Amino acid sequence: MHDHVIPAAKVHEIPVEGGGRFPVRRVYCIGRNYAAHAIEMGHDPNREPPFFFQKNPDNLDPSGEFPYPAHSSDVHHEAEMYVALKSGGTKISVEDALDHVYGYGLSLDMTRRDLQGEMKKMGRPWEIGKAFERSAPCGPVHKAEDVGPLDEGAIRLTVNGEIRQEGDLNQMIWKVPEMISYLSDYFELAAGDVILSGTPSGVGPVNRSDVMVLAVDKLGSLTVKVT
4 MHDHVIPAAK VHEIPVEGGG RFPVRRVYCI GRNYAAHAIE MGHDPNREPP FFFQKNPDNL
64 DPSGEFPYPA HSSDVHHEAE MYVALKSGGT KISVEDALDH VYGYGLSLDM TRRDLQGEMK
124 KMGRPWEIGK AFERSAPCGP VHKAEDVGPL DEGAIRLTVN GEIRQEGDLN QMIWKVPEMI
184 SYLSDYFELA AGDVILSGTP SGVGPVNRSD VMVLAVDKLG SLTVKVT
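For what it's worth, our numbering labels the leading residue of the sequence shown as 4, then goes sequentially.
Have a look at this one:
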């Protein structure tokens, strides 16, 4: 018998391609991991070390809909590939990092850009702009054994059929093994952790009724309607 004083929260899960569910423990997001996007946001990618922020596990939303959030009039799309871990630890070497990967998938890091901008000016955390409800529309996890290590491949986002973001995974400044190794120096990673790997240039606003389609080689496509 449990002695919880309130009902325990359910573990958040996302689907796995081919069947099964992946339980999510934490969500880490790497910032400015494509050089062109770093420049787009006014930063020098050659001098800045990687940095991470977090979303909440239940921000990952496989429903195919993105409700336009409150308190913002400038919500931006950021197209990303995510990495799902099957194990973890601390001080993981770059050479061993891929041994901890269960699979990969598609996700959007939706951002209340106006609120994020206000936080930046005041030197405050970004959560109000990044970690709101359903802020990470996502597709299913594709097992690493099926798609292989993803260190290259086209990534593209269209909005209403117009190309907004286009790049290649090989343009990531910090590759997947390096991200995992770096994170594990500061956090104890574990099974169920998800890492959003950054976005190419071309981020921009969406409006209600827009249809976003994200595609990455070997991971298929993800269609999300703004409601």
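C-beta atoms are modelled at their ideal positions from N, C-alpha and C, and glycine is treated no differently. Just so we're clear, the structure is a prediction, and the values are computed from it rather than from any experiment.
For the beta strand (DSSP E) assignment, the uninterrupted runs of no fewer than 3 residues enclosed by the stretch 140 to 193 are, from N- to C-terminal side, 157 to 162 and 165 to 171.
When C-alpha distances from K178 are compared across F56, V227, S200 and F69, the shortest belongs to S200. Spatial neighbours of E20 in its own chain (CB-CB distance under 6 Å, excluding positions within 5 residues in sequence) are listed in chain order as P143 and H145. When C-beta atoms of the stretch 209 to 228 are compared with those of the stretch 116 to 135, fewer than three pairs fall below 8 Å, so the two segments do not count as touching. Counting only runs that start and end inside the stretch 27 to 93, the beta strand (DSSP E) elements of at least 3 residues fall at 30 to 33, 55 to 58, 78 to 80 and 82 to 88.
A contact is defined here as three or more CB-CB pairs under 8 Å, and the stretch 218 to 225 fails this definition with respect to the stretch 179 to 199.
Counting only the Cα atoms, N62 lies some 26 Å from D102. Taking the Cβ atoms as the reference, R211 lies roughly 5 Å from Y71, within the contact range of under 8 Å. Distance from the CA of H74 to the CA of P52, rounded to the nearest whole angstrom, comes to 32 Å. Contact between F54 and G34 is confirmed by a C-beta separation of about 5 Å, below the 8 Å threshold.
Less than 8 Å separates the beta-carbon of Y107 from that of L153.
If you ignore the 5 residues before and after P18, its C-beta comes within less than 8 Å of the C-beta of R24, F25, P65, P143 and V144, all in its own chain and listed in chain order.
Nearest in C-alpha terms to I95, of all of P203, Y189 and V229, is Y189. According to the DSSP secondary-structure assignment, R24 is paired through a beta bridge with P18. DSSP places M215 in the uninterrupted beta strand (DSSP E) bounded by V214 to V219.
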